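These protein sequence lines map, in sequence, to chains L and U. Residue numbers for the first sequence follow this note's numbering, so the first one is -6 and each next one is one higher. Residue numbers for the second sequence follow this note's numbering, so the first one is -6 and each next one is one higher.
There are 2 protein chains.
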Amino acid sequence: MTNRARPRKPRYQEIADELRAEIETGVYDGGKRLPSEAGLMQRFGAARGTVRDAVAVLQAEDLTEAKKGSGVYLRTFERIRRDAAQRLARSNWGAGRAIWDSDLKGRRRHEDVEVEEVEAPEHIMAVFGMRPGSRVWRRSRLHRTEGRFVQQSTSYLPADLVAGTAITRPDTGAGGTYARLADIGHAPIRFREEIRSRLPLSHEAKVLGVTMSTPVMLIARTAFDIDGQPVEVNEMMLDSNSYVLEYNFNS
Amino acid sequence: MTNRARPRKPRYQEIADELRAEIETGVYDGGKRLPSEAGLMQRFGAARGTVRDAVAVLQAEDLTEAKKGSGVYLRTFERIRRDAAQRLARSNWGAGRAIWDSDLKGRRRHEDVEVEEVEAPEHIMAVFGMRPGSRVWRRSRLHRTEGRFVQQSTSYLPADLVAGTAITRPDTGAGGTYARLADIGHAPIRFREEIRSRLPLSHEAKVLGVTMSTPVMLIARTAFDIDGQPVEVNEMMLDSNSYVLEYNFNS
């Protein structure tokens, strides 16, 4: 037994509790800026680290969030709940629906798309078991929701597999890439998603418009067809402040 | 179309490539310290931010990792691959195996456990649909692997459900908590895992022994029995440097 297994509640928690109570009683309006670190240090007679922790608690509770270069604001953006199995169910894209619609439940979104045939990067060749020099179609997308960049994703599909399909065009049509793979007899049957998290590189922070201290969640998905052959690799970079990932499975 | 959808490869990448080549050709031995930021800035005649990005690239590739207060080292710790559905399969705990064994594949681990009956926290009461003042058994564990703290987890189980079982003791016996729930007719049939990521609070960084700039992955798992009743909530905090999460599912 050890106390390290469950840390006790210190001073910064009391400060967080007081600020939370104020937020909930509407002392600050939604979207409004929280007092500065200096202001909070003076008010609570606390050290910078303590005040930072107190604010971090509110951010961890989704009550506030840091905005690039301009301090901490009351959160207005509702996290996107990404239910992996539900969004990727064949009953979804198979019926011509966009996978994103199951994430956003009617919230508005915008997608910048770039499609290009390129030589497969080494780690992608490895997944597909390709010979060096093999070609893939790369689909790069930057996803915006309610004016906020939430995800950058890059899909790779073997060129010899998808040549001539709408997958090689910006608009893949109803049901998207997976519906098109189904059209050519390679419907994805199984998915593997691998998740990592780290701080963004500066250009990544710029792309997503997040601070350097906002972790990104990296999801690498591989889609397999009925023969167990990988037919797509999708590397996604998500703003951790914009998402909660959900996975449901049986024992 | 926009270039923002796929950022191009800048200077820090060239620096990362050069350092990677050196690492792979064994210029630095495993576990050895990388040159300091100042050293790299001088060597490459680059700005601090550029050098930081270059090092961040190597960390993103698992080649290096920051150690508390003492710089960047070549990585020696192999990420724990946590396959959620496999580790939680009834064929695993139902056969008396520890869930962790499927993560660690024979790697050594240590667990500090604290078990206590307490009043249910508000958000836990909400999940269980409990009346205010209801009691739960709280199991807090700090997990160490190869001398490294990798995860802190806290499980909550309704007191009226698990009273008198080994779940109320540090050692839950073969198969652990889920096997004991099965013993009393409440085997977990379905699981929901929700994943978030953020920077740690300072006490969290202390508990896990990570730097303040090492994100933690937060996994909140709810286990449901055959009647769809939640029987356990487990809140886990993982060192993002120690893990890759894997989820496999069908379309």
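Ideal Cβ placement from N, Cα and C applies to all residues, glycine included. Small disclaimer: the values here were computed from a predicted structure and weren't measured.
Are the C-beta atoms of S244 of chain U and some chain L residue less than 8 angstroms apart?
Taking Cβ atoms only, chain L reaches closer than 8 angstroms to S244 of chain U, which makes this a yes.
Could you check what DSSP says for N234 of chain U in three-state terms: helix, strand or coil?
Coil.
Does the beta-carbon of S319 of chain U have 16 or more other beta-carbons within 10 angstroms, so that it is buried, or is it exposed?
Coverage of chain U is limited to positions -6 through 244, which leaves residue 319 of chain U absent and any answer about it impossible.
Along chain L, in chain order, which residues have C-beta atoms closer than 9 angstroms to that of N241 of chain U?
Under the 9 angstroms cutoff, chain L gives R183, F184, R185, E186 and F242.
If you measure beta-carbon to beta-carbon, which residues of the stretch 24 to 42 of chain U are closer than 9 angstroms to chain L?
Per Cβ criterion, the list reads G42.
For the candidate residues L:E139, L:W93 and L:I117, whose alpha-carbon lies nearest to that of E225 of chain L?
The shortest Cα separation from E225 of chain L among L:E139, L:W93 and L:I117 belongs to L:I117.
For G64 of chain U, which beta-bridge partners are listed by DSSP?
Answer is U:K60, bridged to G64 of chain U.
Would you mind giving the Cβ-Cβ distance between P151 of chain U and V129 of chain U, rounded to the nearest angstrom? I have them listed as a contact below 8 angstroms.
Between V129 of chain U and P151 of chain U the Cβ distance is about 6 angstroms, and since that is below 8 angstroms, they are a contact.
Any beta carbon of chain L sitting closer than 8 angstroms to that of S63 of chain U?
Judged by the 8 angstroms Cβ criterion, S63 of chain U is not in contact with chain L.
Please state the DSSP three-state secondary structure of S29 of chain U.
Coil at S29 of chain U, not helix or strand.
According to DSSP, is H179 of chain L helix, strand or coil?
Three-state DSSP puts H179 of chain L in coil, outside helix and strand.
What's the C-alpha gap between A88 of chain L and Y240 of chain L?
Approximately 22 angstroms, taken between the alpha carbons.
Within 8 angstroms of any Cβ in chain L, is that where the Cβ of D46 of chain U sits?
So, interface residue.
Please list the terminal residues of the continuous beta strand (DSSP E) segment that includes R260 of chain U.
Given a span of -6 to 244 for chain U in the structure shown, any question on residue 260 of chain U remains unanswerable.
Interface residues of chain L around Q52 of chain U at Cβ under 8 angstroms?
Those are R191, listed as they occur along chain L.
Can you pull the chain U residues whose beta carbon is under 8 angstroms from the beta carbon of S235 of chain L, in chain order?
Residues of chain U passing the Cβ test: none, with the nearest at roughly 11 angstroms.
Considering just the uninterrupted stretch of the beta strand (DSSP E) at I219 of chain L, what are its terminal residues?
I219 of chain L -> no beta strand (DSSP E), and no H or E assigned at all.
Please confirm if H196 of chain L has its CB atom under 8 angstroms from at least one CB of chain U.
Answer yes: the Cβ-Cβ gap between H196 of chain L and chain U drops below 8 angstroms somewhere.
Could you check whether the Cβ of I8 of chain U sits closer than 8 angstroms to any Cβ belonging to chain L?
Judged by the 8 angstroms Cβ criterion, I8 of chain U is not in contact with chain L.
Would you tell me roughly how many angstroms separate the C-alpha atoms of F184 of chain L and R214 of chain L, rounded to the nearest one?
F184 of chain L and R214 of chain L: Cα-Cα distance of roughly 7 angstroms.
Beta-carbon of M229 of chain L versus every beta-carbon of chain U: anything under 8 angstroms?
No, because no Cβ of chain U sits closer than 8 angstroms to the Cβ of M229 of chain L.
Determine, for P223 of chain U, whether the minimum Cβ-Cβ distance to residues of chain L falls below 8 angstroms.
Cβ-Cβ to chain L under 8 angstroms: no for P223 of chain U.
Listed from N- to C-terminal order along the chain, which residues in the stretch 202 to 215 of chain L have their beta-carbon within a distance smaller than 7 angstroms of any beta-carbon of chain U?
Cβ contacts with chain U come from S206, P208 and M210.
Rounded to whole angstroms, how far is the Cβ of R72 of chain L from the Cβ of S95 of chain L, which I believe are closer than 8 angstroms?
Not a contact, Cβ separation roughly 15 angstroms.
Any chance the stretch 162 to 179 of chain L sits against the stretch 90 to 109 of chain L, with 3 or more Cβ pairs inside 8 angstroms?
Touching, per the Cβ criterion.
Anything in chain U within Cβ reach of A49 of chain L, meaning under 9 angstroms, just list it in chain order.
Those within 9 angstroms of A49 of chain L in chain U are R191, L192, P193, L194 and S195.
Consider the Cβ of R68 of chain L: report whether some Cβ of chain U lies at a distance smaller than 8 angstroms.
Chain U contact via Cβ: absent.
In whole angstroms, what is the alpha-carbon distance linking M230 of chain L and A159 of chain U?
Taking the straight line from one Cα to the other gives about 42 angstroms.
Just to make sure I have the definition right: I need the residues of chain U whose C-beta is within less than 9 angstroms of the C-beta of A78 of chain L. Which are they?
Correct list: Y240, F242, N243 and S244.
CB-CB under 8 angstroms to N(-4) of chain L, same chain, minus the five flanking residues each way: which ones, in chain order?
Its pLDDT being 46, under 50, N(-4) of chain L is placed unreliably by the model, and nothing is read from it.
Is the separation between the beta-carbon of R68 of chain U and that of D55 of chain U shorter than 8 angstroms?
Contact flag set, yes.
If distances are taken between C-alpha atoms only, which option among U:S133, U:L97 and U:Y66 comes closest to A77 of chain U?
The candidate whose alpha carbon is nearest that of A77 of chain U is U:L97.
Just the chain L side, please: which residues come within less than 8 angstroms of A152 of chain U by C-beta, in chain order?
Ordered by position in chain L, no residue passes the 8 angstroms Cβ test against A152 of chain U, which lies about 18 angstroms from the chain.
Measuring only the C-alpha atoms, how far is E139 of chain L from G221 of chain L?
Answer to the nearest angstrom: the Cα atoms are 38 angstroms apart.
What span of residues does the alpha helix (DSSP H) with D105 of chain U cover, start to end?
Where D105 of chain U is concerned, there is no enclosing alpha helix (DSSP H), although the beta strand (DSSP E) it sits in stretches over R102 to E112.
Figure out for me which residue from L:F217, L:Y21 and L:G62 has the closest Cα to the Cα of V203 of chain L.
Checking every option, the nearest Cα to that of V203 of chain L belongs to L:G62.
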